[in-house]
Amino acid sequence: MSIALRDVVAMLAYIAEYAEPILVDNEKALLGTFYKLARDPEKPEQHSALRDTKLPVKVEVRVFTLDPRMKNSEVKNAIKQSLQPLFTSA
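The numbering of the sequence shown is this note's numbering, which starts it at 59 and goes up by one.
Below, the structure is given as structure tokens:
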């Protein structure tokens, strides 16, 4: 299952309106995250990112897949990984 284009557009609009830039890879960026529920635990999904570099500030939307069958520690690690840029930005 993929994320619908309208969801990405809505997320980008929300980010552009309300987000404060943070440092991502030594570049100021507006960052957003989607958490997707996995459909098939046998087929791991890769994390992906959508970027727009044509705007004055880089905009990035990251996608993290979670599975209700995951152990609590695995869910916490995925969420921690998704939030890492917030704690490492200067």
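Glycine included, each C-beta is placed from N, C-alpha and C at the ideal position.
(1) Taking just the CA atoms, how far does Leu-95 sit from Val-67?
(2) Can you tell me the Cβ-Cβ gap for Tyr-93 and Leu-124, rounded? I've got them flagged as a contact below 8 Å.
(3) With respect to the beta strand (DSSP E) encompassing Lys-116, which residues constitute its N-terminal and C-terminal limits?
(4) Output needed for Phe-122: all residues of its chain with C-beta closer than 8 Å, excluding positions within five of it in sequence on either side, in chain order.
(5) Using the beta-carbon count (16 or more within 10 Å), is Leu-144 buried or exposed?
In brief:
(1) 20 Å
(2) 6 Å
(3) 116–124
(4) Thr-91, Phe-92, Tyr-93, Lys-94, His-105, Ala-136, Ile-137, Gln-139 and Ser-140
(5) exposed
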